[in-house]
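Student:
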Amino acid sequence: MAAQPVVLRICGSASARLVSSQCRSPVLKKQRPLRCSNLRATDDKSKVYKELGLFSLKKKIADAIFRAEMLAETALELEESKCIEQEEMIQENNLWDDLAGSSEIFVNLAGSTKLVDALKDLKYKAEEAKLITELAEIDAINYGLFKQAYEASVDVSKFLDQYEMAKLMKGQYDIEGASLIIKARNQSVYSEAWVKQLVNMYSKWAEKQGFKARIADMDSSASGGLKSATIDLEFQFAYGYLAGERGIHHMISSHNVNEAGAACVDVIPLFLDLAPDLKIADDEVIITTTSSQGEYPGKVRHGVSVQHIPSGITVNCSGERNHFANKMNALNRMKAKLLVIAKEQAVSDVRHINRSEIIDVLQVDVRRYVFYPYKLVHDLRTGTEFPDLNSILEGHIEPLIGAHINLRQ
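Take the UniProt record's numbering: the last position of the sequence shown gets the number 409, and nothing is skipped along the way.
1. Run through the DSSP bridge pairs and tell me what Met266 is partnered with.
2. With Asp161 as the anchor, note down where its beta strand (DSSP E) starts and where it stops.
3. Which partner residues does Gly303 have in the DSSP bridge list?
4. Quick check: what's the CA-CA separation for Asn186 versus Glu164?
5. Compute the Euclidean distance between the alpha carbons of Ile313 and Met334, then round it to the nearest angstrom.
6. Excluding the five sequence neighbours on either side, which residues of its own chain have a C-beta within less than 6 Å of the C-beta of Ala178, listed in chain order?
7. So, under 8 Å CB-CB, Val361 and Arg246 are touching, yes? Tell me the CB distance rounded to an integer number of Å.
8. Less than 7 Å between C-beta atoms, sequence neighbours within five positions excluded: which residues of the same chain meet that for Ile105?
9. Should the segment 155-164 be regarded as contacting the segment 60-67, the criterion being three or more beta carbon pairs within less than 8 Å?
10. Determine whether the beta carbon atoms of Ser221 and Ile181 lie at a separation below 9 Å.
11. Inspect the CB distances between the segment 251-259 and the segment 370-377 and report whether three or more fall short of 8 Å.
12. Could you tell me the alpha carbon to alpha carbon distance between Asp155 and Leu78, rounded to whole angstroms?
13. Between the segment 374-384 and the segment 347-366, are three or more C-beta pairs nearer than 8 Å?
14. Under 8 Å by Cβ, that's how I've got Cys317 and Asp217 pegged, so tell me the actual separation to the nearest angstrom.
15. Please identify the residue among Ala72, Lys114, Leu331, Lys58 whose C-alpha is closest to the C-alpha of Gly144.
16. For His323, count the other beta carbons within 10 Å of its own beta carbon; 16 or more makes it buried, fewer makes it exposed. Which is it?
17. Output the distance between the C-alpha atoms of Lys45 and Glu134, rounded to the nearest integer angstrom.
18. Give the single residue among Lys114, Ser391, Tyr150, Gly111 whose Cα lies nearest to the Cα of Ala129.
19. In whole angstroms, what is the alpha-carbon distance linking Ala62 and Thr289?
20. Between the segment 197-206 and the segment 395-405, can you find at least three pairs of beta-carbon atoms closer than 8 Å?
21. Thinking Ala126 and Ala72 are a contact (beta carbons under 8 Å), I'd like their distance in whole angstroms, please.
22. What are the boundary residues of the alpha helix (DSSP H) that includes Tyr369?
23. Answer yes or no: do Ser305 and Leu338 have a C-beta to C-beta separation smaller than 9 Å?
24. Could you tell me which of Ala325, Ala336, Gly171 sits nearest to His308, measuring between CA atoms?
25. I'd like the list of long-range same chain contacts for Leu331, defined as Cβ closer than 7 Å, with 5 residues on each side in sequence excluded.
26. Is it right to say Asn406 is buried, meaning 16 or more other beta carbons lie within 10 angstroms of its own, or is it exposed?
27. What is the C-beta distance between Gly225 and Glu192, in whole angstroms, given that I count them as a contact (C-beta under 8 Å)?
28. Please go through the same chain and pick out, in chain order, the residues whose beta-carbon is closer than 6 Å to the beta-carbon of Ala403, but skip the five residues on each side of it.
29. Does the beta-carbon of Ala41 have 16 or more other beta-carbons within 10 angstroms, so that it is buried, or is it exposed?
30. Which residue marks the beginning of the beta strand (DSSP E) containing Ser220, and which one marks its end?
31. Buried or exposed: where does Tyr190 fall if 16 or more other Cβ atoms within 10 Å of its Cβ makes it buried?
32. Going by C-alpha distance, which of Asp121, Gln172, Asp174 is nearest Ala152?
33. DSSP state of Glu357, grouped into three classes?
34. Which of the three DSSP states is assigned to Glu176 in this structure?
35. Rounded to the nearest angstrom, what separates Gln345 and Asn108 at their Cα positions?
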């Protein structure tokens, strides 16, 4: 055996080729079963991973079904009793004869009826997910059916999350839609880019709730970022969800202070059905026409600026097609903002607002988004921290929203 290496180094001889062949063949015979063994190991590993994935999927479906069975029936009974009470109130007081004066009651009844229908649909989806899961077990573990059941259970969980969160929001305007006004705190490229990223974050969050965010107003910068933007969220409880976002959002991208960005976020109610009848005297407002560079070169955007003289509040609008529409939109936003301020100061009339006590969102730091030297989202108001920065920027801001809502309780 010691001579084998010498023989293998002899080139060109038949004996060398013969000996070399004899020496290699046992090795080849050993390698073949190894390859088969590796394939079997890979298949076993894939099977284990698939089974683990299936186990996780089944658990998520079961958890959603259990949660629906525990909550849906009770919630449905509660909301149906509300509907009955509201209908009895309308009948007893003959409110059908005074539709204008009792519009708020009819709005509440419509909301309760809609919620009852949604809860009935929830029960159906939970039962559907349960039935599909049972069928999938019978059909030799049909992964397609499990996927279908999982999708139904996701809808169930999402609705229950929203329902439970809505029960915590008891503020006067929490049920309304919302207008988010986002402005770069300064004229730096980083702040303007940061405004654009925040617009994207909130828009994606709205999409995950099953709604569309409408960019009502946008002022682009030469750098490709945004100087400001207004997002209208026209769905229930948008204001309640996002009221805690008011303040300055900081972006820290490097150790260089000059490369940091900051954006101011203001949130005001967007009344979906019935807006409060707030009268503002003509001599209490200053309305001026504004102009700015449009999205395309050579195009000028004309807008309206409305200032409320007693409070000093100023609201701008330039996203509508004409001057009148911009004016009405700006006035509506100003009224909504005044109502929020009056509520914060606990006064019943906006004329009693104390100008010196108005909370300036430009002076309130609410959150830091750290990109360097590590990734972290730090909510300054609640003290919570989240290491998954990318997920937050993709619109998964539910933990931040939930922390703010719990803080308000």
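No residue lacks a Cβ here, since even glycine has one placed at the ideal position from N, Cα and C.
Tutor: The short version:
1. As a working note, residue 266 is residue 266 in the sequence shown. According to the sequence displayed, residue 266 carries Asp and not Met. Asp266 pairs with Ile181.
2. By one-based count along the sequence shown, residue 161 stands at place 161. Not the beta strand (DSSP E): Asp161 falls in the alpha helix (DSSP H), residues 143-168.
3. For the purposes of this step, residue 303 is taken as residue 303 along the sequence shown, with counting starting at 1. According to DSSP, Gly303 bridges with Thr290.
4. Here residue 186 refers to the residue found at position 186 when the sequence shown is read from its first residue. Here residue 164 refers to the residue found at position 164 when the sequence shown is read from its first residue. Asn186 and Glu164: Cα-Cα distance of roughly 39 Å.
5. Counted from its first residue, the sequence shown places residue 313 at position 313. Counted from its first residue, the sequence shown places residue 334 at position 334. Distance between the alpha carbons of Ile313 and Met334: 7 Å.
6. The residue given as residue 178 occupies position 178 in the sequence shown. Once the five neighbours on either side are set aside, the close Cβ partners of Ala178 are Leu233, Ala238, Tyr239, Leu242, Val267, Leu270.
7. Taking the first residue of the sequence shown as 1, we reach residue 361 at position 361. Taking the first residue of the sequence shown as 1, we reach residue 246 at position 246. Contact flag correct, Cβ pair sits at about 5 Å.
8. For the purposes of this step, residue 105 is taken as residue 105 along the sequence shown, with counting starting at 1. Contacts found: Gln86, Met89, Ile90, Leu95.
9. yes
10. Stepping through the sequence shown from its first residue, residue 221 is reached at position 221. Stepping through the sequence shown from its first residue, residue 181 is reached at position 181. Their beta carbons are not under 9 Å apart, which means Ser221 does not touch Ile181 by this criterion.
11. yes
12. Residue numbering aside, residue 155 sits at position 155 when the sequence shown is read from its first letter. Residue numbering aside, residue 78 sits at position 78 when the sequence shown is read from its first letter. Roughly 21 Å separates the two Cα atoms.
13. yes
14. Position 317 of the sequence shown, counted from the first residue, corresponds to residue 317. Position 217 of the sequence shown, counted from the first residue, corresponds to residue 217. That pair is a contact at about 6 Å.
15. The residue you call residue 144 lines up with position 144 of the sequence shown. Looking at the Cα atoms, Lys58 is the closest of the given residues.
16. Looking up residue 323 in the sequence shown gives position 323. Per the 10 Å Cβ criterion, exposed.
17. In the sequence shown, residue 45 corresponds to position 45, counting from 1. In the sequence shown, residue 134 corresponds to position 134, counting from 1. Any reading at Lys45 needs caution, since the residue's pLDDT is 42, under 50, leaving its predicted position unreliable; the model's value is listed next. Between Lys45 and Glu134, the C-alpha separation is close to 27 Å.
18. Position 129 of the sequence shown, counting from 1, holds the residue named residue 129. Ranking the options by Cα distance to Ala129, first place goes to Tyr150.
19. Numbered from 1 along the sequence shown, position 62 holds the residue referred to as residue 62. Numbered from 1 along the sequence shown, position 289 holds the residue referred to as residue 289. If you take the alpha carbons of Ala62 and Thr289, they lie about 59 Å apart.
20. yes
21. Taking the first residue of the sequence shown as 1, we reach residue 126 at position 126. Taking the first residue of the sequence shown as 1, we reach residue 72 at position 72. Confirmed, about 7 Å.
22. Taking the sequence shown and counting its residues from 1, one reaches residue 369 at position 369. That residue, Tyr369, is in no alpha helix (DSSP H); its beta strand (DSSP E) goes 365-370.
23. Residue numbering aside, residue 305 sits at position 305 when the sequence shown is read from its first letter. Residue numbering aside, residue 338 sits at position 338 when the sequence shown is read from its first letter. Against a cut-off of 9 Å, the Cβ pair of Leu338 and Ser305 comes out as no contact.
24. Taking the sequence shown and counting its residues from 1, the one referred to as residue 308 is at position 308. The residue with the shortest Cα to Cα distance from His308 is Ala336.
25. Here the question's residue 331 lines up with position 331 in the sequence shown. Val306.
26. For this step, residue 406 is matched to residue 406 along the sequence shown. Exposed, since its Cβ has fewer than 16 Cβ neighbours within 10 Å.
27. Taking the first residue of the sequence shown as position 1, residue 225 is located at position 225. Taking the first residue of the sequence shown as position 1, residue 192 is located at position 192. Indeed they touch by this definition, with Cβ atoms about 3 Å apart.
28. The residue you call residue 403 lines up with position 403 of the sequence shown. Result list for Ala403: Thr382, Thr384, in chain order.
29. Position 41 of the sequence shown, counting from 1, holds the residue named residue 41. Because the pLDDT at Ala41 is just 44, under 50, the model does not fix this residue reliably, and the point stays unresolved.
30. As a working note, residue 220 is residue 220 in the sequence shown. Where Ser220 is concerned, the enclosing beta strand (DSSP E) stretches over 214-220.
31. The sequence position of residue 190 within the sequence shown is 190, counting from 1. So Tyr190 ends up on the buried side.
32. On the sequence shown, residue 152 is found 152 positions in, with the first residue counted as 1. For the residues Asp121, Gln172, Asp174, the minimum Cα distance to Ala152 belongs to Asp121.
33. Sequence index remark: in the sequence shown, residue 357 carries index 357 (1-based). Three-state result, Glu357: helix.
34. Taking the sequence shown and counting its residues from 1, the one referred to as residue 176 is at position 176. Reduced to three states, the DSSP call for Glu176 is coil.
35. Start at 1 with the first residue of the sequence shown, and residue 345 comes out as number 345. Start at 1 with the first residue of the sequence shown, and residue 108 comes out as number 108. Roughly 26 Å separates the two Cα atoms.
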